[in-house]
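A.B. asks:
Number of protein chains: 2
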Amino acid sequence: MDAALGIDVGGTNVRVAVLDARTGAVLAVRRGALAGRTPEQVVGAVAVAAREAMAAAGVRPAVAGAGVAAQLDGDSGRVLSAPNLGWRDVALGEMLGAALGLPVRVVNDLTAAAWGEYRHGAARGKSGGLVVFAGTGVGAAVVVDGRLLAGARGVAGEIGHVKVEPPPGEAERSCGCGARGCLEAYVGGAGIAARLALARSAGNAAGLSSPNDVERAALAGDAWARAFWEATAGRLGRAVADAVTLLDPGTLVLGGGLLLGNPSLLAAVERVIRAEASQTALEGLFLTHAALGDDAGVIGAALLSVKSRTVK
Amino acid sequence: MDAALGIDVGGTNVRVAVLDARTGAVLAVRRGALAGRTPEQVVGAVAVAAREAMAAAGVRPAVAGAGVAAQLDGDSGRVLSAPNLGWRDVALGEMLGAALGLPVRVVNDLTAAAWGEYRHGAARGKSGGLVVFAGTGVGAAVVVDGRLLAGARGVAGEIGHVKVEPPPGEAERSCGCGARGCLEAYVGGAGIAARLALARSAGNAAGLSSPNDVERAALAGDAWARAFWEATAGRLGRAVADAVTLLDPGTLVLGGGLLLGNPSLLAAVERVIRAEASQTALEGLFLTHAALGDDAGVIGAALLSVKSRTVK
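Chains as they are written, first to last, in our numbering: chain A, 1 to 312; chain B, 1 to 312.
(1) With a threshold of 6 Å on Cβ separation, who are the neighbours of P83 of chain A within its own chain once the five nearest residues in sequence on each side are excluded?
(2) For a contact defined as C-beta to C-beta under 8 Å, what are the partners of I159 of chain B on chain A?
(3) In chain order, what residues of the region 268-282 of chain B put their CB closer than 8 Å to some CB of chain A?
(4) Can you check whether the C-beta of V155 of chain A is within less than 7 Å of a C-beta belonging to chain B?
(5) Can you name, in chain order, every residue of its own chain whose Cβ lies under 7 Å from the Cβ of E94 of chain B, other than the five neighbours on each side?
(6) Take L219 of chain B and list the residues in its own chain whose beta-carbon comes closer than 7 Å to its own, dropping the five residues that flank it on each side.
(7) What residues in the region 213-246 of chain A have a beta carbon less than 8 Å from any beta carbon of chain B?
(8) In three-state DSSP terms, what is N13 of chain B?
(9) For G221 of chain B, count neighbouring C-beta atoms within 10 Å of its own C-beta (all shown protein chains included) and say buried if the count is 16 or more, exposed if not.
(10) For a test of the three-state rule: what should DSSP assign to N204 of chain B, helix, strand or coil?
(11) Is it buried or exposed, P168 of chain A, if we count other Cβ atoms within 10 angstroms and call 16 or more buried?
(12) Examine chain B for any beta-carbon lying closer than 7 Å to the beta-carbon of V79 of chain A, and answer yes or no.
(13) Over the uninterrupted alpha helix (DSSP H) stretch that includes D242 of chain A, give me the two end residues.
(14) How many Å lie between S210 of chain B and A193 of chain B at the Cα?
(15) Run the CB neighbour count on D294 of chain B, radius 10 Å, all protein chains shown included, and call it buried at 16 or more, exposed below.
(16) Since L246 of chain B and A156 of chain A are thought to touch, with beta carbons under 8 Å apart, how far apart are those beta carbons, to the nearest angstrom?
(17) Output the residue ranges of the alpha helix (DSSP H) runs that lie fully inside the region 103-143 of chain B and measure 4 residues or longer, sorted by chain position.
(18) Given 6 Å as the limit, tell me if R271 of chain A has its C-beta closer than that to any heavy atom belonging to the ligand NAP.
(19) Can the beta-carbon of A290 of chain B be found closer than 7 Å to that of V244 of chain B?
(20) Cβ atoms of V18 of chain A and A28 of chain A: under 7 Å apart, would you say?
(21) Look up D145 of chain B in the DSSP assignment and say whether it is helix, strand or coil.
(22) Check whether the region 157-165 of chain B touches the region 178-192 of chain B, taking contact to mean three or more Cβ pairs, one atom from each stretch, closer than 8 Å.
(23) Residues of chain B with a CB under 7 Å from the CB of G10 of chain A: which are they?
(24) Check whether chain A comes within 7 Å of G44 of chain B, counting only Cβ atoms and requiring the distance to be less than that.
(25) Check the Cβ-Cβ distances between V104 of chain B and every residue of chain A, and say whether any is below 7 Å.
(26) If I measure Cβ to Cβ from A50 of chain B and keep anything under 7 Å in the same chain, skipping five residues before and after, which residues do I get?
(27) Can you have a look at E215 of chain A and say buried or exposed, based on whether 16 or more other CB atoms are within 10 angstroms of its CB?
(28) Checking contacts by CB at 7 Å: is V162 of chain A closer than that to chain B?
(29) When you compare only the Cα positions, how much space is there between L92 of chain B and R60 of chain B?
(30) In the DSSP assignment, what residue or residues form a beta bridge with V155 of chain B?
(31) Might you give, ordered along the chain, the residues of its own chain that have their beta carbon closer than 7 Å to the beta carbon of A47 of chain A, omitting 5 neighbours on each side?
(32) Could you list the residues in the region 163-179 of chain B with a C-beta less than 7 Å from some C-beta on chain A, going in chain order?
(33) Identify the contact partners of Q71 of chain B in chain A, using a Cβ-Cβ distance below 8 Å as the criterion.
(34) Quick one: does G255 of chain B have its CB under 7 Å from some CB of chain A?
(35) Looking only at C-alpha atoms, which of A:A141, A:D20, A:A206, A:L110 sits nearest to G257 of chain A?
(36) Which of the three DSSP states is assigned to S81 of chain A in this structure?
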């Protein structure tokens with residue numbers, strides 16, 4: 001059997017799975033806690049978890065894919081910047097490859113999760129589509145004719161870095177990527193927390209510090225929380241609607257903790273998409289939700305390491 | 001030799017060319033003026049011009065492609081709405097097919113022109129890319145691995161219908177497509193004329209009624225004209241920048257009369273793209289301008305009628 005190793009590097013732990021490369025079935029999965037966030041500590045934790053997963057699965061994969069929340073230097077395996085990990089310019093692909101004795105392809109973590117959903121989750125069997133994840137970060141996978149659009153420099157799908165207007169009454173925000181006005185700066189995990197902190201210091205949003213707090217308050221009828229969700233859904237929904245208009249993708253999968261954990265926000269985002277995307281593209285659109293949960297990232301990373309599943 | 005017929009249906013005339021389907025070389029091209037804009041008059045004018053072009057080329061094409069400034073019902077060849085022609089729900093593909101005795105594929109005129117540029121113009125030889133035309137309408141072609149992204153319903157590339165904020169001091173505008181806030185409603189030909197008329201009636205923009213008027217005034221240092229171009233470039237440039245961020249296309253071709261006819265606007269649009277698109281995608285981006293002039297549409301339409309040049 002052809003097996004592949006999937007790696008998901010998070011900010012507090014790593015997740016490693018051994019997959020049947022043909023079917024996408026997970027043969028074994030192991031998690032490792034991080035003692036610290038240096039590249040050496042992360043690579044060490046991956047190596048331990050990988051050994052355990054391979055022993056449990058009883059197979060030795062020939063290739064590995066790793067997803068990491070980072071700006072990558074195209075296909076080189078270098079991390080340019082990973083704010084959650086405090087990394088700048090880390091040769092992650094090379095380091096993981098040396099530790100595991102395998103060629104390792106490094107991809108954006110959201111791209112990996114989105115690809116996992118496309119191939120073996122909510123969009124299984126579809127030939128094309130758009131998968132958008134919103135959680136700590138905001139990212140997407142564009143799938144054309146069964147293959148992931150990698151892009152000329154390997155950075156296609158970065159919907160978190162399209163530019164949006166600040167919500168009414170809010171100031172323009174800086175993004176972890178160094179630019180200003182990125183979607184992720186408003187609707188990513190850190191962006192939402194910072195917007196709520198600013199609102200609390202202005203005397204609004206009392207007791208609201210997380211998306212779940214806002215969701216509970218919105219469901220309980222709190223007008224400020226509802227307006228905050230509407231403004232958030234407006235930015236995220238418009239960016240997704242514009243991508244649907246540009247791509248006419250046929251299938252749209254929405255996922256990630258922010259959307260799946262907060263049903264009233266998800267419903268508002270879907271209303272914006274239906275109101276603002278091209279009506280013809282909408283008529284042909286199958287809109288669904290991510291189904292693989294926490295395994296999407298390791299599945300997608302492993303599958304992206306196999307053969308030529310990408311296109312420029 | 002395999003020949004293909006390319007048809008470009010404009011608001012005041014039609015253009016028909018016979019091409020070598022393999023090389024894209026134009027063997028003969030004929031224009032026909034329209035006596036009127038009914039579907040029958042347009043089809044009649046196309047049939048006359050096609051007979052002349054085929055006689056001049058000395059070959060009989062087996063397939064034809066027609067570009068028309070219209071909202072299309074996916075791949076069916078039906079025009080849902082063509083405001084420039086005053087059409088609603090016209091079975092153009094069927095009518096042209098009966099008149100010419102050929103299978104006719106109907107595509108959006110800007111998609112056709114963009115594809116012509118990609119295959120035989122400014123982006124010749126590139127494997128992927130984004131081609132954006134802004135003139136009377138605003139549209140794009142997304143090219144992946146040498147093929148045009150058609151989309152699930154055949155309407156991919158409709159960048160003119162992504163949603164944008166009105167420029168400062170301006171009201172939200174309705175679009176010819178029936179939606180509100182579309183990019184084309186601000187930067188398409190009719191949108192610019194209407195915005196200038198509103199400005200004149202408010203006491204600004206004296207003597208400015210066309211893009212070329214604005215360009216001359218901006219070049220002469222007129223502050224109002226410069227601000228109008230900056231606001232226009234801001235909307236168009238951001239939409240293109242966001243598409244570059246999402247697609248990482250490697251090649252970006254800008255074309256169409258609005259951009260190529262107004263160099264200071266074009267420069268402003270390019271500044272916005274370079275400021276707002278993902279920096280990694282920009283590093284790998286070859287930015288160039290359309291090179292085929294008025295023949296882009298017939299060339300692209302003809303080439304799209306041949307074999308499977310499209311992907312969903």
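From the three backbone atoms N, C-alpha and C, an ideal C-beta is built for every residue, glycine too.
C.D. replies: So, to answer that:
(1) Annotation for P83 of chain A: G176 place their beta carbon closer than 6 Å to its own, counting only its chain and skipping 5 residues before and after.
(2) T245, L246
(3) E276, S278, Q279, T280, A281
(4) yes
(5) G77
(6) S264
(7) R238, A239, A241, D242, A243, T245, L246
(8) Of the three classes helix, strand and coil, the one that applies to N13 of chain B here is strand, per DSSP.
(9) Per the 10 Å Cβ criterion, exposed.
(10) For N204 of chain B, the secondary structure class from DSSP, reduced to helix, strand or coil, is coil.
(11) exposed
(12) no
(13) 223-247
(14) 6 Å
(15) It counts as exposed.
(16) Yes, they are in contact, since the Cβ atoms of L246 of chain B and A156 of chain A sit about 7 Å apart, within 8 Å.
(17) 109-120
(18) Only the bare structure without any ligand can be found here, which leaves the ligand NAP out of the picture.
(19) No, they are not a contact pair.
(20) yes
(21) coil
(22) When Cβ pairs closer than 8 Å are counted between the two stretches, the region 157-165 of chain B is seen to touch the region 178-192 of chain B, the count reaching three or more.
(23) Those do not exist, as G10 of chain A stays about 22 Å from chain B at its closest Cβ, beyond 7 Å.
(24) no
(25) no
(26) L5, V16, L100
(27) buried
(28) When Cβ-Cβ separations below 7 Å define contact, V162 of chain A makes contact with chain B.
(29) 21 Å
(30) DSSP output for V155 of chain B lists no bridge partner at all.
(31) A99, L100
(32) K163, E165
(33) Close to Q71 of chain B, with beta-carbon spacing below 8 Å, are these residues of chain A in chain order: T280.
(34) no
(35) The candidate whose alpha carbon is nearest that of G257 of chain A is A:L110.
(36) Reduced to three states, the DSSP call for S81 of chain A is strand.
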